[in-house]
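Asker:
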Amino acid sequence: MQTYSYKILLLFFLLSLIGFLTVPRLSWQLQPAGGGNQLRVSYEWPGASPGSMELQVTSPLEGVLSTMPEVVKIESVSGYHSAFITLTLAPKTDVDRLRFEVAAHIRQVYSRLPLGVSYPSISIDSPEESKKQQPFMILQVNGQAAVSELTEFAENSLKPRLAGVEGLYSIEVRGSEQKQWRVSYVPEQLQALQLSKADLVEALQVHGLRQQVGWLRANDRLLSLTVESPDVTEFPNVLLRAIGGRLVRLTDVATVQRVEARPESYFRVNGRNAVQLVLTTRKGANQLETSTQIGTLLRQLQAQFPPTYGLRTDYDAADYIRENLYRMAWQSGAAVTILLLVVALSIRNFRYLLLIIGCLLVNLLLSALLFYVLGVNMHLYSLAALTVSLGLQIDNAIVMIDHYLHSRNRSVFRALLGATLTTCAALTVIWFLPEQARRDLLEFSKVLIITLSVSLVVAYWFVPVALERMGLMAITMRRPGRWVVRLDRLYGRFVVALVRFRGVVLTTAFLAFGLPIFLLPTRIEGEKPNAQFYNNTLGSEWFQENLRPLLDTWLGGSLRLFVNHVFESYNYSSNERTLLYVNAGLPNQSTVEQMNDLLKGMETEVAKEPGVERFITQVYNGQQGGMAIYFKKEAEAGSIPYRLKARLIARSLESSGVDWDIYGVGQGFSQHLGANTAPTFDVLLRGYNYEQLEVLTQGLADKLLVHPRIQKVDINRVPGMYQQKTLEAYIFSPEKDELIRQGGQVPAYYAAVGERFNARPVPDLFRLAQNRYEGVVVAPLLPGDLWQLRHSFISAGAQTKHKSTDGQIERQPVAPQIRKENQQYLRQLSFEYFGSHTFGSEFLNETLRLYKGELPLGYTLERSEFNWWLKAGERQYQLIGVVLLAIFIIGAVLFESLRQPLWMILQIPLSFTGIFLAFYIFEFSFDQGGYASFLLVAGLVVNATIFVMNEKNQQQRFVSPLRGYRRAVRYKIRPILLSILTTVTGLLPFLLLGADQPFWPALAMGTSGGLLFSIVILLAVLPVMLLEKDDIA
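Listed below in structure tokens is the structure:
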């Protein structure tokens, strides 16, 4: 036996040592990574509209990618200049292998794509909005050198070395001054010489400049890949054509200048332009490890820097992660200390306490090993689960130790297994929650399930062996003292009294929980079955005014208090640091420079505030830009963020025609000064033909506009949580029949319009200069305007001139993006209803019901809502019903009975009364931590019931049911109370010291309230359910 116990202890020691070594290799993050197995295919086509992008590029790519059997969902977004396709893969798919197959499919179809489309890039689990993702780290390059030299140093010396750091998603060099050559010509002068833009481009290509052979991405910009020329001919020597015996050179018909390239975006830190390296991490990366690797690499590189060159870290997100981890570690340490103190005061045996500590260490180290093997990420919710599990791990150890010392066998393991399975069953419903809730709580459930499973292994094998090796088997269970005997007798009389008034006890318990009659509607509208009977009885005026208030108050119980005063104030909270966001939106005709000037005014205001640590400004394009303002640690919890927010709001009122969105501190503030206010109702339509879907969307809009309280319907809203700006375009429709009758050619006519009236030409040639490619733009000296487009004669080929007024030019709103899901087009309709939300909802539902009958086959519509909690709230609480069913099945197998597990699961909703009252009395806000407390309490309160019922069943074979129940309570009340106390006291540091944090306070308050109230249910309600009046005779 000693050899066997030695082997067991050695095995646990070795596995614990391996677990200890894996702790530094765990993935530590601040927030859950989210998502699943996904591939994203991104590509760009400069100058392309969403319609052209979708028709000519996205559809062919989707066609070949959708044939792959591992792809369970395919989504695409086609916008101006760029698009991407997201592939959701089946579980357990080899992503690397599938990425290779996707690349092979793209190679097959790329040759058939239009000229100028960049080669699609493939990324794994990349962020959906990578360009707008907050940076992970910002490095500033400084030195006594020109900006161009610093940029070249960052590109050639720093960026390649940093690219080797594991976990980085992108590295961008910002702040460099881009130069380009501009070849400006006068269209009329070229026409007089019978030349065209194509002749200029061809001459440049022949004399040293090369046409593109592909596209490369650098600095978040597309660069054309060209064939390198052995030398570059100077522009004045470029020959065009010999006309009348005279050589016409490029400089004879065009002006060549080296100018600054028009900026495509801006990026600043604290309002200063500098050469900066902006680093972002890939999804799921170990951000702490990535930051450490970058720091080590930079220290090595700085020793090799040229004189006067330096590198400064402007921002490192890992610092905030470390700060949070240190605080959580301190709170967890306080929780462990309190747990062990409670155990020590209860047991008062030093070796017993050492065994508990040993079990806890082995549990944690073995769990860490499984976290590493199973790829569990450690973040806020993972640490929450780990902290909660500490008390549960100690509970399992104490139950097994007490039982083994008392009975010298492992028969209690059956009850331990059943109790653990019920808790795990309660947590498995997290897999069925909506995406956002599942992302936050998935690893919470994984950590709890893993640690509880490990605690079973430790309780079954490690505890008995350790008891024998530590000499604790000599401990004999002390006989109960006089006060214990007196309490037992008093409780016996209390149970007899309760059973005699069984009906009163059960009625009181269920009324304390509450009957949901307060949720009944005032009236039932429409021609639904029994609607008239309901309206004449429960919906009558007398009932609603005289009887309904009394019934709601007296029968609603704690459920009514929770629903009316707590749940309606639900807020989704995140563990991000205090930030103030300032987002600005301009009409789609605006320029990048205009947006930049707008945000510079905000930067001036922010720079006056001494409590600001840094502010990062990003101008994405002429329509979108924003700032992220970080505060100093000592200023985060004060009034400074609120005061600055108020000043920025006041500053925003000075700019008309701008859509401002200022939020991030306190309740979000959104001030829209334009016409695009947030819609009240949204309808999502799906179909396989985009034009037909547009017609159907417009038809639904016409039916909605019949209502006088609906003034405007937007049929171009982009599906998603965040509203994008409505775009407008000039639709030019020439008279094609007249053009062809005059001998013109439609393609030549379109080419001439694009050549003459394109105000923002994209560089399509590149000139090699000092080992760098510089863009060459060939464009008219003065681009044409709308008036010229309406009144000019345009060449249409074959010496044909066609007047542009022979067509129509209309300004129309267009969709900023074209979205598809599983090759179905998506259109979203949005409108405001100026009146009651209830009446608006009823009108919309009735309109949709009638309009569905008019939809052709293959087209569908549905109401769209974006608050996942409010939309799916009923489903989530239906999942709690699934938890009860799963626990009932486990109890039926465990007790081989259908009646006993019924009493067992009834303890769960009755214990929820404690959760309701805790949130209501202490006025705590309810977030995702509150919902997690419901699941946790549902799994934990039945543990005590299982222990008592299992012991009662064993005792009842020898004594009466009443005496058997009293013995079961006397034998198990100590570990039960210790279990509840350790769990509650373990959460106290997070309740008292983390009140300003998300998730923790709601989890601690809900779990503590439910568990403490479960003691009342256990001692007062459970005996009424288990015992009959004949049992107490």
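Going by UniProt numbering, the first residue of the sequence shown is number 1, and it counts up by one from there. Here a beta-carbon is modelled for each residue, glycine too, at the ideal position from N, C-alpha and C.
When we look at the beta-carbon of W483 and count the other beta-carbons within 10 Å, is it buried (16 or more) or exposed?
Answerer: Result: exposed.
Asker: So, at 7 Å on beta carbons, what are the nonlocal neighbours of A344 in its own chain, with the 5 sequence-adjacent residues on each side left out?
Answerer: Excluding positions up to five away in sequence, the list reads L353.
Asker: Just to confirm, is the Cβ distance from L452 to T420 under 9 Å?
Answerer: Yes, they are a contact pair.
Asker: Can you confirm whether P747, when its beta carbon is compared against all beta carbons of chain C, has any partner nearer than 9 Å?
Answerer: In summary, chain C is missing from the structure at hand, where a single protein chain is found.
Asker: Rounding to the nearest angstrom, what Cα-Cα distance links H379 and A1004 in this structure?
Answerer: Each residue's alpha carbon lies about 17 Å from the other.
Asker: Could you give the residue range of the alpha helix (DSSP H) that holds N953?
Answerer: Looking at the DSSP string, the run of the alpha helix (DSSP H) that includes N953 is Q928 to Q955.
Asker: Between which residues of its own chain and L879 is the CB-CB distance below 8 Å, once the five residues before and five after are set aside?
Answerer: Excluding sequence neighbours, L879 sits near V429, F432 and L433.
Asker: Measuring alpha carbon to alpha carbon, tell me which residue in L193, V1024, P60 and P464 is nearest Q900.
Answerer: Answer by Cα proximity: V1024.
Asker: Please report the distance separating the alpha-carbon of D395 from that of S652.
Answerer: So the two alpha carbons sit approximately 57 Å from each other.
Asker: Beta-carbon within less than 6 Å of residue 1085's beta-carbon, same chain only, minus the 5 sequence neighbours each way: which residues are those?
Answerer: This structure does not reach residue 1085, given that the chain is present from 1 up to 1033, and the question cannot be answered.
Asker: Under the rule that 16 or more other beta-carbon atoms within 10 Å means buried, what is I616, buried or exposed?
Answerer: Buried: at least 16 other Cβ atoms inside 10 Å.
Asker: On the DSSP letters alone, give me the boundaries of the alpha helix (DSSP H) that K972 sits inside.
Answerer: Per DSSP, K972 belongs to the alpha helix (DSSP H) from P961 to L992.
Asker: Sorted by chain position, which residues of the same chain lie with C-beta nearer than 7 Å to F631's C-beta, five sequence neighbours on each side aside?
Answerer: Excluding residues within five positions, the ones whose Cβ falls inside 7 Å are T578, G611, V612, E613, I640 and P641.
Asker: In whole angstroms, what is the alpha-carbon distance linking A628 and Y581?
Answerer: The straight-line gap from Cα to Cα measures roughly 5 Å.
Asker: Check for me: the beta strand (DSSP E) holding T67 runs from which residue to which?
Answerer: That residue, T67, is in no beta strand (DSSP E); it is neither H nor E in DSSP.
Asker: Is there contact here, the stretch 146-161 with the stretch 79-91, by at least three beta-carbon pairs under 8 Å?
Answerer: Verdict: no, contact absent.
Asker: Considering only their Cβ atoms, is the gap separating L696 from L826 smaller than 9 Å?
Answerer: No, the Cβ-Cβ distance between L826 and L696 is not below 9 Å.
Asker: Counting along the chain, where does the beta strand (DSSP E) carrying F831 start and finish?
Answerer: Note, F831: beta strand (DSSP E), Q824 to F831.
Asker: Helix, strand or coil: which one does DSSP assign to I347?
Answerer: I347 falls in the helix class under three-state DSSP.
Asker: Only counting runs of 4 or more residues, tell me where the alpha helix (DSSP H) segments fall wholly within the stretch 172-204, in order along the chain.
Answerer: Whole alpha helix (DSSP H) segments, 4+ residues: 187-192.
Asker: Taking just the CA atoms, how far does N363 sit from L17?
Answerer: Those two C-alpha atoms are separated by around 12 Å.
Asker: Could you check the C-alpha separation between G939 and S42 for me, to the nearest Å?
Answerer: Distance between the alpha carbons of G939 and S42 is about 45 Å.
Asker: Would you mind stating whether L991 and A415 have Cβ atoms separated by less than 9 Å?
Answerer: The answer is no: Cβ separation not under 9 Å.
Asker: Residues in its own chain within less than 6 Å of Y690 by CB, not counting five upstream and five downstream?
Answerer: Y825, listed in sequence order.
Asker: Find out if the Cβ-Cβ distance for the pair M595, L648 is shorter than 9 Å.
Answerer: Result no, Cβ atoms of M595 and L648 do not sit closer than 9 Å.
Asker: Going by CA-CA distance only, name the one from L693, S558, S933 and K645 that's closest to I921.
Answerer: Minimum Cα distance to I921 is reached at S558.
Asker: Can you tell me the Cα-Cα spacing of V238 and A104, whole angstroms?
Answerer: Computed Cα separation, rounded: 42 Å.
Asker: Give the single residue among P135, F136, V64 and A146 whose Cα lies nearest to the Cα of Y110.
Answerer: Among P135, F136, V64 and A146, the Cα nearest to that of Y110 belongs to V64.
Asker: Decide if I710 is buried, meaning its Cβ has at least 16 other Cβ atoms within 10 Å, or exposed.
Answerer: Buried.
Asker: Looking at I980: is its Cβ nearer than 9 Å to the Cβ of L1027?
Answerer: Not in contact: I980 and L1027 (Cβ atoms no closer than 9 Å).
Asker: Would you tell me roughly how many angstroms separate the C-alpha atoms of M137 and T313, rounded to the nearest one?
Answerer: Each residue's alpha carbon lies about 8 Å from the other.
Asker: Between which two residues does the alpha helix (DSSP H) harbouring L467 extend?
Answerer: L467 -> alpha helix (DSSP H) spans V463 to R469.
Asker: Mark W542 as exposed unless 16 or more other C-beta atoms lie within 10 angstroms of its C-beta, in which case mark it buried.
Answerer: The residue in question, W542, is exposed, as its Cβ has fewer than 16 Cβ neighbours within 10 Å.
Asker: Please state the DSSP three-state secondary structure of S1008.
Answerer: Here S1008 sits in helix by DSSP.
Asker: Taking its Cβ as the centre, do 16 or more other Cβ atoms sit within 10 Å of residue 1095, making it buried, or is it exposed?
Answerer: Examination of residue 1095 is not possible in this model, given that the chain is present from 1 through 1033 alone.
Asker: Can you list the alpha helix (DSSP H) stretches of 4 or more residues lying completely in the stretch 520-553, in chain order?
Answerer: Entirely contained in the stretch 520-553, the alpha helix (DSSP H) runs reaching 4 residues are, in chain order, 531-536.
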